[in-house]
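Notes for the one structure printed next.
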Amino acid sequence: MKNETLFSNNPSLTSWVEVPVGSDFPIQNLPFGIFKTKYLSPVAGVAIGDFVIDLVYLHENGYFDGLGLPAGIFNQKYLNDFIALGRKKGREVRERVSELLGHDNDELKQNVAARELALIPIQEVQMQIPVRIPNYTDFYSSEEHATNVGSIFRDPKNALLPNWKYLPVGYHGRASSIVVSGTPIHRPKGQLKLADADLPIFSPSRKLDFELEVAFITCNETRLGTSISTKEAEENIFGLVLFNDWSARDIQQWEYVPLGPFLGKNFGSTISPWIVTLDALEPYRVEGPIQAPAVLPYLMCVGNKNFDIVLDVTLVTSQEEKLTLCRSNFKYMYWNMSQQLAHQTVNGCNIQVGDLYASGTISGPSPGSFGSLLESTWNGQRPFKLEDGRVRTFLEDGDTINIKGYAEKNGVRIGFGECKGKIWPAV
Ligand code: MN
């Protein structure tokens with residue numbers, strides 16, 4: 032089946048499950064996640080409207096018969112084994128769930144007992160981290176972000192380093208500290224050197240920041256010594272999540288030369304719990320920015336590899352005051368996911384199932400679209416004003432950052448749910 036003709040992406044589809052207007056999870060989305068309830072240990076589910084479908088129940092009761100799924104594939108605390116079956120199998124399951132939820136399908140709709148057991152109200156579930164993440168890479172693929180950071184940390188006249196337009200710059204991050212939305216983040220402590228000081232001090236970070244990112248999750252295991260081409264790349268990508276790469280700018284600025292980010296980054300990163308499949312995002316492809324100079328042949332791509340996904344960042348203070356910090360878009364990425372994966376593996380580096388590859392901070396062209404406080408406050412020089420006259424440069428204890436993302440077209444909105452974290456004091 033060709034992606035563009037997926038039955039499940041038809042904008043005119045409706046479900047017998049009520050989907051509130053503006054929901055992130057219409058029948059055209061059907062993202063996968065891991066949830067638990069008071070009564071259920073963690074299992075795989077799919078979101079629709081204000082409900083989660085229990086995939087274990089559907090599988091055990093014959094609703095996936097004929098798909099050749101292994102027994103117990105959904106009865107696990109991570110999606111790794113399921114996504115390891117590949118894009119094609121994931122597509123078949125999503126198509127079947129779409130069919131079962133379609134307004135004219137009676138299989139589940141007319142079976143009241145089954146419906147009660149298979150559909151769980153979303154407020155009764157606790158979302159878990161969806162995959163066990165063996166490896167995490169963070170790229171640096173937004174030209175606007177790289178230009179802003181280069182200007183702030185180094186030299187506005189040479190903001191982009193000479194390699195930047197030739198390869199998707201990235202570094203290997205820390206997988207162990209990636210947490211699911213809702214997990215609090217303690218303010219990190221570390222070495223920092225104040226602007227007018229000769230020597231570093233040890234202190235809680237005074238420049239705690241967020242980074243607005245989108246990450247993709249891989250569903251294949253490759254052999255060491257082999258590479259993935261840009262043409263093959265998307266077959267290795269199961270789907271996308273929102274990603275907040277929390278950053279301590281003062282720790283980062285003192286430590287990052289010459290080997291790059293380390294303790295200023297690895298104290299925590301937050302992901303949204305639902306993996307939105309690349310299949311569901313198929314209708315939202317757009318052309319990426321023009322790449323000049325021309326890229327080397329192994330980075331060349333055919334077709335639209337960027338995706339039009341609106342991204343919003345909101346700050347909620349401990350006094351419940353709300354402030355929109357940024358509105359950006361995933362389509363601004365200079366380097367696309369296929370190029371990132373091709374570059375990651377071009378030297379023979381192997382990938383694993385559940386690996387997470389983050390985009391890097393996604394900034395747009397104007398200050399209102401800058402994806403970090405470092406950029407939007409220009410390293411603290413241009414504070415945000417709160418309603419009561421107080422100002423905000425970097426994050427304070429008790430602040431919550433919530434990232435939302437959605438693609439919208441033809442009246443269909445494919446959303447990601449929340450990617451949220453609250454700052455707790457240093458321990
Ligand atoms: Mn980052």
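In our numbering, the protein residues as written are 32 to 458.
Just so it is clear, CB atoms sit at the ideal spot from N, CA and C, and this is done for glycine as well.
Model, not experiment: these values are computed from the prediction.
TODO: Check whether the Cβ atoms of residue 77 and residue 71 lie closer than 8 Å to each other.
DONE: no
Open item on the list: Taking the straight line between their C-alpha atoms, what separation do you get for residue 349 and residue 152?
Closed with: 28 Å
Task: Closest by C-alpha distance to residue 129, when choosing among 320, 47, 338 - done: 47
Open item on the list: By DSSP's criteria, residue 374 is part of a beta bridge. Which residues make up the other side?
Closed with: None; residue 374 has no bridge partner.
Task: Buried or exposed (CB count within 10 angstroms, at least 16 for buried), residue 62 - done: buried
TODO: Compare the Cα-Cα distances from residue 83 to each of 379, 305, 458 and report the closest residue.
DONE: Of 379, 305, 458, the residue nearest in Cα terms is 305.
Open item on the list: Quick check on the contact list: which residues have their beta carbon closer than 5 Å to a heavy atom of the ligand MN?
Closed with: Residue selection by CB proximity (closer than 5 Å to any heavy atom of the ligand MN) returns 169, 242, 276 in chain order.
- [ ] Measure from the alpha carbon of residue 197 to the alpha carbon of each residue in 67, 322, 300, then state which is nearest.
- [x] 322
TODO: Note down the Cα distance separating residue 313 from residue 224, rounded to an integer number of angstroms.
DONE: Between residue 313 and residue 224, the C-alpha separation is close to 46 Å.
TODO: Might you give, ordered along the chain, the residues of its own chain that have their beta carbon closer than 7 Å to the beta carbon of residue 408, omitting 5 neighbours on each side?
DONE: Here the set comprises 414, 415, 424.
Task: Residues that DSSP places opposite residue 383 in a beta bridge - done: Beta-bridge pairing links residue 383 to no other residue.
TODO: Measure the C-alpha to C-alpha separation of residue 38 and residue 457 and round it to an integer number of angstroms.
DONE: 50 Å
Open item on the list: Given this structure, state the Cα-to-Cα distance separating residue 149 from residue 44, to the nearest angstrom.
Closed with: 21 Å
Task: From 255, 281, 308, residue whose alpha carbon lies closest to that of residue 268 - done: Comparing Cα-Cα distances from residue 268 to each of 255, 281, 308, the minimum goes to 308.
Open item on the list: So for residue 407, helix, strand or coil by DSSP?
Closed with: helix
Task: With 16 other Cβ atoms within 10 Å as the buried cut-off, status of residue 238 - done: buried
- [ ] Using beta-carbon positions only, say whether residue 302 and residue 211 come within less than 8 Å of one another.
- [x] yes
Open item on the list: In this structure, how does DSSP classify residue 328 when only helix, strand and coil are distinguished?
Closed with: helix
Task: Identity of the residue in 209, 362, 399 nearest residue 355 by Cα - done: Nearest of 209, 362, 399 to residue 355, Cα basis: 399.
- [ ] Return the residue from the list 381, 374, 450, 420 that minimises the CA-CA distance to residue 172.
- [x] 374
Open item on the list: Pull the bridge partners of residue 211 from the DSSP assignment, please.
Closed with: According to DSSP, residue 211 bridges with 302.
- [ ] Determine the contact status of residue 387 and residue 264, defining contact as a CB-CB distance below 8 Å.
- [x] no
Open item on the list: Once DSSP output is grouped into helix, strand and coil, what is the label at residue 353?
Closed with: strand
Open item on the list: Measuring straight from C-alpha to C-alpha, what distance separates residue 176 and residue 191?
Closed with: 10 Å
Task: Sequence ranges, beta strand (DSSP E) only - wholly within the stretch 417-448, length at least 3 - done: Runs of the beta strand (DSSP E) inside the stretch 417-448: 431-440.
Open item on the list: Measuring only the C-alpha atoms, how far is residue 206 from residue 141?
Closed with: 44 Å
- [ ] Identify, in the order they occur along the chain, each residue of the same chain with its Cβ nearer than 8 Å to the Cβ of residue 51, setting aside the five sequence neighbours on each side.
- [x] 80, 81
Open item on the list: If contacts are defined as beta-carbon pairs under 8 Å, then residue 204 and residue 168 qualify, I think. What distance do you get, rounded to the angstrom?
Closed with: Their Cβ separation, rounded to whole angstroms, is 6 Å, which keeps residue 204 and residue 168 in contact under 8 Å.
- [ ] Could you have a look at residue 199 and say whether DSSP puts it in helix, strand or coil?
- [x] coil
Open item on the list: For residue 445 and residue 133, what's the separation of their Cα atoms in angstroms?
Closed with: 17 Å
Task: According to DSSP, residues forming a beta bridge with residue 66 - done: 74, 158
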